[in-house]
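Counting in UniProt numbering, the final residue of the sequence shown is number 99, and the numbers go up one at a time with none missing. Okay, structure first, notes after.
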Amino acid sequence: MGLYVVSLRLPDSFDEEFVALIPRHRAFINSLIEENVILSYAISADRSRGWVTMHGATPEAVRGVVEQFPLYRFLQSIEVDELFVFDSTATRLPKISLN
């Protein structure tokens, strides 16, 4: 199973239909996080870009999951890149406290 980062380009403006889908989209993202398919999910402060780090067998399989996102039809572009290294505090063992 590979590890991929998906770069998303969001629309320039959000119409009512887009905004109405956000709760369903977040619920879907949360379920993929709970299933350990998605490791991280981030949206830029200006809400123009997003990044999703996720497990997948192939880039095509990852794209297939992204195509299930409720907001998929609004995304202006999607790039899928396989990662060689992914390091974060979340993937490390907890620090030992000698209290």
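Virtual Cβ for every residue (Gly too), placed ideally from N, Cα, C.
Exercise. Would you kindly check if the distance between the Cβ of residue 83 and the Cβ of residue 19 is under 8 Å?
Key: no
Quiz item: Since residue 25 and residue 69 are thought to touch, with beta carbons under 8 Å apart, how far apart are those beta carbons, to the nearest angstrom?
Solution: 6 Å
Quiz item: CA-CA distance, residue 96 and residue 71?
Solution: 41 Å
Quiz item: Within this structure, are the beta carbons of residue 7 and residue 79 separated by less than 8 Å?
Solution: yes
Quiz prompt | Beta carbon of residue 42 nearer than 8 Å to that of residue 1 | solution = no
Practice problem: Alpha carbon to alpha carbon, how far is residue 98 from residue 47? Give it in angstroms, no decimals. | Solution: 42 Å
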